[in-house]
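Here our numbering is used: the first residue of the sequence shown is 11, the next is one more, and so on. Heads up, the beta-carbon is just placed ideally off N, CA and C, and yes, glycines get one too. This report refers to the structure that appears directly beneath it.
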Amino acid sequence: MPATLITGGAGFLGSEFVRQTLELGDETAVVLDALTYAGDRDNLPAEGDRLVFAQGDIADRPLVERLLREHGVTRIVNFAAESHVDRSIDDPGAFLRTNVLGVYELLTAALGHWRRLAGAEREAFRFVQVSTDEVYGSLGATGEFTEGSPYAPRSPYAASKAAGDHFVRSFHTTYGLPTIVTNGSNCYGPRQFPEKLVPLLAMKAMRGERLPIYGDGSNVREWLHTADACRAIRAVVEKGRPGESYNVGGGAERTNLEVARQVCRLVEKHFSEAPVKPVESLIELVADRPGHDFRYAVDATKLRSELGWTPEIGFDEGLDETVRWCVENLAWTERALQRAGYDGGRLGRG
Ligand code: NAD
Ligand code: TDX
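Following this line, the structure appears as structure tokens:
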């Protein structure tokens with residue numbers, strides 16, 4: 011049975027990808043995750059015939075080499091990263107270590123392994139780097155990023171992801187390693203760490219705390235449900251062309267204020283004990299994020315037309331389900347906050 015190394019598989023997107031992989035039923039998922047504040051072993055099922063879990067760092071080359079060899083891995087999907095822009099403003103070093111040096115070590119282990127493979131296994135080998143639209147920089151009110159848009163990162167997070175992507179691409183052009191990059195838009199869904207906009211707002215609204223919206227709330231993000239994002243990454247793993255990159259986005263553009271108001275309405279719908287009503291009265295405009303990118307939007311035509319992917323979950327339906335999940339899984343959120351040493355009050359720049 012083929013095996014896929016899924017790094018960062020205990021995080022938000024990675025754990026959804028692992029669940030989808032196990033549902034497909036025809037491959038072994040080998041998860042490598044350092045279990046930083048963002049990773050939760052309980053996001054994954056227990057180890058079994060088709061799930062192997064190793065706690066460790068993608069920068070630990072001997073460990074990665076052993077996993078690749080022992081499990082006969084023919085695909086690597088790299089979700090492991092420091093992923094939060096505000097944290098990158100406060101501590102860029104951690105982003106450099108994982109998103110650049112970690113990616114380099116992972117690539118080097120992958121290259122050695124790939125070179126030892128032969129025949130169909132070597133042919134099938136893929137290294138998929140899960141990246142972000144933030145590497146392209148910031149858009150004005152119109153236009154969309156295409157795969158040809160130049161990389162122009164502006165936050166330390168985006169800069170580290172861009173540097174990692176450049177290494178990934180260079181391993182294809184220089185050594186022939188079959189790598190592919192996905193550039194995804196903002197994801198939302200269950201099990202997202204409550205420092206990110208949607209779960210942060212839901213958690214604070216349930217506590218009756220003010221809901222910090224940066225600047226004037228007019229910044230725009232393109233939202234995609236994590237299940238649709240992972241189906242897109244699966245399509246890229248199966249059918250993507252080595253050396254290429256694919257934008258991943260579903261077209262649901264919203265201002266942050268629109269998202270905040272919708273989350274407030276959904277908290278009122280699903281959480282009868284909301285301490286402050288209307289929940290919307292908790293929204294407060296606060297100091298802007300330094301270097302705050304105004305707008306992201308991607309043209310995902312290549313993914314749709316070449317690989318036949320279409321999103322299945324509309325934003326209204328997906329957000330309703332996500333806020334309901336946050337209401338019904340407060341214990342998950344409390345555990346995440348404890349693990350990270352947060353009290354809810356210190357979350358967010360506001
Ligand atoms: P996350 O922060 O929820 O999860 C990251 C996971 O990586 C965690 O389980 C963490 O323990 C693990 N990890 C961190 N450093 C590691 C290391 N050095 N070695 C091994 N494991 C390590 O992040 P996410 O939101 O699931 O994002 C996953 C990937 O998708 C990231 O690469 C991110 O850049 C990209 N991405 C995310 C979004 C989004 O909206 N969430 C959008 C586009 C792209
Ligand atoms: O408290 C907040 N108030 C606020 O107004 C927070 C946490 C965020 N915001 C704004 C900033 C952004 O414009 O909401 C928007 C979304 O913020 P985040 O959830 O922090 O996401 P973003 O910075 O857009 O980055 C996300 O999408 C792209 C992920 O965290 C990245 O990993 C991914 O690459």
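Task: Host alpha helix (DSSP H) of T311 (start-end) - done: T311 to L317
Task: Collapsed DSSP secondary structure at E263 in the structure displayed - done: E263: strand per DSSP, three-state reduction.
Task: Assumed close pair V41, F63 - CB separation to whole angstroms, cut-off 8 Å - done: 5 Å
- [ ] Determine the closest residue to E322 out of G259, D303 and R97, with distance taken between C-alpha atoms.
- [x] Out of G259, D303 and R97, G259 has the C-alpha closest to the C-alpha of E322.
- [ ] Could you tell me whether the Cβ atoms of S93 and L54 are closer together than 7 Å?
- [x] no
Task: Span of the alpha helix (DSSP H) around R231 - done: Unbroken run through R231 is the beta strand (DSSP E), V230 to H235; no alpha helix (DSSP H).
- [ ] Please determine, among R244, F281, W342 and A13, the residue with the shortest C-alpha to C-alpha distance to T320.
- [x] Nearest option by C-alpha distance: R244.
Open item on the list: Shorter than 6 Å, the distance from the beta carbon of Y224 to the closest heavy atom of the ligand TDX, or not?
Closed with: yes
Task: Sheet register partners of R305 (DSSP bridge) - done: Beta-bridge pairing by DSSP links R305 to L149 and V230.
- [ ] Return the residue from the list P222, R51 and Y167 that minimises the CA-CA distance to D298.
- [x] P222
Open item on the list: What does the Cβ neighbour count give for S431, buried or exposed, with the cut at 16 atoms within 10 Å?
Closed with: What is shown of the chain runs 11 to 360, which leaves residue 431 out entirely.
- [ ] Identify, in the order they occur along the chain, each residue of the same chain with its Cβ nearer than 6 Å to the Cβ of Q65, setting aside the five sequence neighbours on each side.
- [x] L45
Open item on the list: Do V277 and G218 have their beta-carbon atoms positioned less than 7 Å apart in this structure?
Closed with: No Cβ-Cβ contact shorter than 7 Å links G218 with V277.
- [ ] From the DSSP output, read off the bridge partner residues of Q139.
- [x] N88 and V191
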